[in-house]
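Asker: Pasting in a structure now, in structure tokens, and then I'll have a few things to ask.
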């Protein structure tokens, strides 16, 4: 995680090199491992007028960065899934968390610094929306109730992301990522979209108020980090604590005993 | 008395000892102050640690630099008792008036004591609940049964459309939200993809399985959307819901028990029976 | 002054001075590894002290209780009283979190110190006759420490510990015939029972600690009765203990260790967060969290549960589930082997003698190999309990990692054991001082079958017999007699630890300690004390002088005051000397 973020930071520092590398990587990028399970809600197409005006920023970015895998009309290729009907929330989530465009070929895109500015992301979202298909909108996050959020989190999110939000390993090299970098909107988007192996939580399962409560709690987990008791050791739990205990026993206590245990003269 | 002054190194050691004890006292004061002004875990810990560390350093310097350091020897008698001693003790124990000699009485005493000891075990029975089914039966039974409605964690009864594709919904028997063996989950799958039909059946692709891992009983709450698998966060057993929840990897050896369901006349989902097998970890008489 | 009078009053009534005198001069061997058990003892004391504090605030009940307090996400939530009171203890009770975290850290350190102590005792053969009894008590204390650690981990009724409790319940349930009955007996019903928390609480704060305290006392009582073992060395025989006396040298050092243990525990408790139950949330039977691990000392069991393949079989239609083997069988075997080891080894070597001189670990390559293999085995299991964390951090597929661990847990112990066995044999045969000094020839020799008879038999019982330079010196000191051992060749002088009432007593004591050494009676204090005692004597004198001068200064000061105030009479010059009342006559 840190590695990839550092790499991304380096890239943003050198935009030109970034573009060159990005282009190469987009070319070599393998099949995007997003589980191809679009959520075709009952929503009507509601496609806005397709504007393939090359001057349009969204189109330009899409063709530059996305089309090689997802196809010019978003129908998908061997390398990437179709984007028709994924919805604005999904596009915004993938791009604003820096997971898309893929910086290199890998099974699960990792969080990184976003490649595009907020305006560009908006333009991209608009362009992908023009492919049609509806899909979840970008949720508007409102303040929520922490207590209710805690319950919803424990029931639905803690099994994968951990009660502390530290994330865990899933099967086949997939992971449920830590939640500490996600913004409120991104959390809500992930809940509605279900990126990767993550289940989706449409409004039959969690209504808007519940999502607000949930994001409020996740922000609390993330923001203050609630580590009242000192260094959280990455919130990895008892084994990390055990490691520290052993280091303390060997490095501090046994070392002291080694010094105290022999006579000064010896 | 000798007028010899303490050596330089010894004076230095005493000085350091005093400084260490002063630091310790400062730590103690710091702790009290931290506590009094409102308390902060870190500062409290640091102050106490400083207080005890000062004490430790002072005592250590004192013990190593300011007291005699030469070696001493203590003799060791060994543990082989002198034979005469042993014989005398034995003689006292086995004297003519010794109770040990009255074999009959000793046997009777032994009987009485064993009876008492056995009787003392009876109150332990109270640790087992009285008036309830025996543990094995309790272990087999769950609150599920014909007609029990499926509700969510907040007690809402569930309709078919409340379980969309791509998600897992936690399910409880109505009126039993807190039982250990009741929790289940519902997933909607494409019936075309079933490689083995669900043993408990399905309603339009909706299947319900026990939430408890058949390995060690943890809730199998990680649903890997798209793969149709669930994963146990405790010991990483995974189960393939498309193949009747057979274990596919990890230490679990048995499939998750399914729950037979139907849509009731009120439009809500309800069970038509108990789980196909008792849920949770295996035990001696699980089928 | 007051303490002196109090001591005298006590002595007049209980006649403690003979016992105290013997106790104060008890000799402790000067080797750091003898302090490992003390680390465990002191963390146990820290556990009791912090634990008592926690009981004032902890509410051991499964009944519903509404938490109201500073932790906003749970404010107003209805949870079990146990959980709510733990969150309150952590967020709303001043210094509560520090004490709670220190308690938990102390538990981790306690078991770690026990394991180190056990390893020391094992590798040096300190469990041999006559100390088998203390070995048994020690292993029992280890099991109790594990049990109490686990119950303590379970008490807050949070989500993580609830999962742990559920797993251990499942493991117990897997026992053939009686499993479900045992669970019901322990919990008073099926798994999340209302009696669960109160019963665990009673076990955690009353039952197990009481037994532990009794066993600790017994352990130390036996230790005092049997006296310490010691490593072989100059002047050390099977019939003596060489080292420092309890008073004052060892007392100060061990108190320093006590204070240091507390310092480390409070530093950990204040600076490093442990078991943040408010983040885990209350236990609900349908919820889970990941990564889910127990505390390190039971993690080997969890690792075994993860690694053991899904093998189950049926006996006459009855199921023996998979957790039975890694859970019950492995755990049972572990402690069975630990309990049985001294007797198995005695059976194997036929060695029935008493041993007060320890083996160096290298002296016993077989024991070394087995011990290292066992430690490696449990270490791999413990690491395997974190396979999900490792998989996430290294970004490797978890089942690949699982397979790697399944191989490692079988292969690594064998490799490590063999390596330890060969190293020990090379050191033993080659006589190199340390692993760094081993030569290729040593290793080659170690790889071959033994040119010597198998070890453990026919070793000389005492390393150094009757060398010409050795002698015992006795001398009268007032009414009392003292003795010491001198080895001219090594410039070694070791004093007897106490004054004796007659020459005969001194002779018999020295004869006991050094059975084959010629005795020389030195009339009067010996002429030229060797360098060690000189330094000591000088220091003592120096200290006495310091005390004296302080006293003098104080008295002079006081007298001046008095004179200035009263100006009546010239008091007698102050008498500063009654210095060094405990002077042990090494001058």
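Protein chains in written order, with our numbering: chain R, 48 to 313; chain X, 1372 to 1658; chain U, 2 to 588.
Think of the CB as a built atom: it goes at the ideal place given N, C-alpha and C, for glycine as much as any other residue.
Fair warning: this is a prediction, and the values are worked out from it, not measured in the lab.
Compute the Euclidean distance between the alpha carbons of residue 1591 of chain X and residue 282 of chain R, then round it to the nearest angstrom.
Answerer: Computed Cα separation, rounded: 22 Å.
Asker: Which residues mark the beginning and the end of the beta strand (DSSP E) in which residue 319 of chain U is found?
Answerer: Looking at the DSSP string, the run of the beta strand (DSSP E) that includes residue 319 of chain U is 319-321.
Asker: Terminal residues of the continuous beta strand (DSSP E) containing residue 477 of chain U?
Answerer: 471-478 is the extent of the beta strand (DSSP E) around residue 477 of chain U.
Asker: Within its chain, find whatever has a CB closer than 7 Å to the CB of residue 109 of chain U; leave out the 5 residues flanking it on each side and keep chain order.
Answerer: Cβ within range, chain order: 296, 297.
Asker: Would you report the Cα separation of residue 61 of chain R and residue 163 of chain R, rounded to the nearest angstrom?
Answerer: Confidence in residue 61 of chain R is poor, its pLDDT being 47 and thus under 50, which makes the residue's placement unreliable; the coordinate value appears in the next sentence. Near 14 Å, if we compare the C-alpha coordinates of residue 163 of chain R and residue 61 of chain R.
Asker: From the DSSP output, in three-state form, read off residue 195 of chain R for me.
Answerer: Residue state, collapsed to three classes: helix.
Asker: By a C-beta neighbour count over all protein chains shown, 10 Å radius and 16 as the cutoff for buried, is residue 1462 of chain X buried or exposed?
Answerer: Exposed, because fewer than 16 other Cβ atoms sit within 10 Å of the Cβ of residue 1462 of chain X.
Asker: Give the residues from the stretch 195-221 of chain R that approach chain X closer than 7 Å (Cβ to any Cβ), ordered along the chain.
Answerer: So the list reads 202, 206, 207, 215, 217, 218, given in the order they occur along the chain.
Asker: Could you tell me the alpha carbon to alpha carbon distance between residue 454 of chain U and residue 427 of chain U, rounded to whole angstroms?
Answerer: Residue confidence for residue 454 of chain U is low, a pLDDT of 48 falling below 50, so the modelled location carries little weight; the figure read from the coordinates is stated next. Cα to Cα, the separation comes out at about 15 Å.
Asker: Looking at the secondary structure, which residues open and close the alpha helix (DSSP H) in which residue 263 of chain U lies?
Answerer: Its alpha helix (DSSP H) spans residues 252-272.
Asker: Closer than 8 Å, CB to CB, is residue 1600 of chain X near chain R or not?
Answerer: Cβ-Cβ to chain R under 8 Å: yes for residue 1600 of chain X.
Asker: Compute the distance between the beta-carbons of residue 1606 of chain X and residue 1587 of chain X, then report whether it is under 8 Å.
Answerer: Their beta carbons are under 8 Å apart, which means residue 1606 of chain X touches residue 1587 of chain X by this criterion.
Asker: Can you name the start and end residues of the beta strand (DSSP E) that residue 1600 of chain X belongs to?
Answerer: From DSSP, the beta strand (DSSP E) with residue 1600 of chain X extends over 1600-1602.
Asker: Does residue 1609 of chain X have its Cβ less than 8 Å from a Cβ in chain R?
Answerer: Answer yes: the Cβ-Cβ gap between residue 1609 of chain X and chain R drops below 8 Å somewhere.
Asker: Could you tell me which chain U residues have their CB closer than 9 Å to the CB of residue 1552 of chain X, listed as they occur along the chain?
Answerer: The answer, in chain order, is 191, 192, 286.
Asker: For residue 275 of chain U, which option in R/259, R/116, R/304, R/289 has the closest C-alpha, if you only look at C-alpha atoms?
Answerer: Among R/259, R/116, R/304, R/289, the Cα nearest to that of residue 275 of chain U is on R/289.
Asker: Going along the stretch 1439-1460 of chain X in order, which residues come within less than 8 Å of chain U, judged by CB to CB distance?
Answerer: Within the stretch 1439-1460 of chain X, the residues whose Cβ lies closer than 8 Å to some Cβ of chain U are 1439, 1440, 1441, 1442, 1443, 1444, 1445, 1446, 1447, 1448, 1449, 1450, 1451, listed in chain order.
Asker: On the three-state DSSP scale, how would you describe residue 242 of chain U?
Answerer: Correct three-state label for residue 242 of chain U: strand.
Asker: For residue 366 of chain U and chain X, any beta-carbon pair shorter than 8 Å?
Answerer: Taking Cβ atoms only, chain X never reaches closer than 8 Å to residue 366 of chain U, which makes this a no.
Asker: Taking its Cβ as the centre, do 16 or more other Cβ atoms sit within 10 Å of residue 112 of chain U, making it buried, or is it exposed?
Answerer: Residue 112 of chain U should be labelled buried.
Asker: Three-state secondary structure (DSSP) at residue 1617 of chain X?
Answerer: Of the three classes helix, strand and coil, the one that applies to residue 1617 of chain X here is strand, per DSSP.
Asker: Going by beta-carbon coordinates alone, are residue 245 of chain U and residue 1443 of chain X separated by less than 8 Å?
Answerer: Yes, the pair counts as a contact, with Cβ atoms nearer than the cut-off.
Asker: Looking at residue 1611 of chain X: is its Cβ nearer than 8 Å to the Cβ of residue 1599 of chain X?
Answerer: Going by C-beta atoms, residue 1611 of chain X is nearer than 8 Å to residue 1599 of chain X.
Asker: With distance defined between alpha-carbon atoms, name the residue in U/101, U/240, U/471 nearest to residue 1415 of chain X.
Answerer: Residue 1415 of chain X has its Cα closest to that of U/101, out of U/101, U/240, U/471.
Asker: Please determine whether the Cβ atom of residue 274 of chain R lies at a distance below 7 Å from any heavy atom of the ligand SAH.
Answerer: Looking at this structure, you won't find the ligand SAH or any other ligand, since it has none at all.
Asker: Quick check: is the beta carbon of residue 1561 of chain X nearer than 8 Å to any beta carbon in chain U?
Answerer: For residue 1561 of chain X, the answer is no, since every Cβ of chain U falls outside 8 Å of its Cβ.
Asker: Distance check for residue 133 of chain U and residue 140 of chain U, CA to CA, integer angstroms please.
Answerer: Cα to Cα, the separation comes out at about 11 Å.
Asker: Is residue 310 of chain R close to chain X? Criterion is C-beta to C-beta, closer than 8 Å.
Answerer: Chain X contact via Cβ: present.
Asker: Going by beta-carbon coordinates alone, are residue 246 of chain R and residue 1647 of chain X separated by less than 8 Å?
Answerer: No; because the gap between Cβ atoms is not below 8 Å, this pair is not in contact.
Asker: Can you name the residues of chain X whose CB is closer than 7 Å to the CB of residue 275 of chain R?
Answerer: The contacting residues are 1412.
Asker: Which runs of the alpha helix (DSSP H), 4 residues or longer, sit entirely within the stretch 123-159 of chain R?
Answerer: Counting whole runs of 4 or more residues, the stretch 123-159 of chain R contains the alpha helix (DSSP H) stretches 135-143.
Asker: Under the rule that 16 or more other beta-carbon atoms within 10 Å means buried, what is residue 385 of chain U, buried or exposed?
Answerer: Classification for residue 385 of chain U: buried.
Asker: Residue 283 of chain U: which of U/56, U/518, U/33, U/76 sits nearest, CA to CA?
Answerer: Out of U/56, U/518, U/33, U/76, U/76 has the C-alpha closest to the C-alpha of residue 283 of chain U.
Asker: Among U/383, U/241, U/58, which has the Cα closest to the Cα of residue 511 of chain U?
Answerer: Answer by Cα proximity: U/241.
Asker: What is the rounded straight-line gap between the Cα of residue 339 of chain U and the Cα of residue 233 of chain U?
Answerer: Going by the C-alpha atoms only, they are around 25 Å apart.
Asker: Determine the DSSP secondary structure at residue 432 of chain U, reduced to helix, strand or coil.
Answerer: In the structure shown, residue 432 of chain U sits in coil (DSSP, three-state: anything other than H, G, I, E or B).
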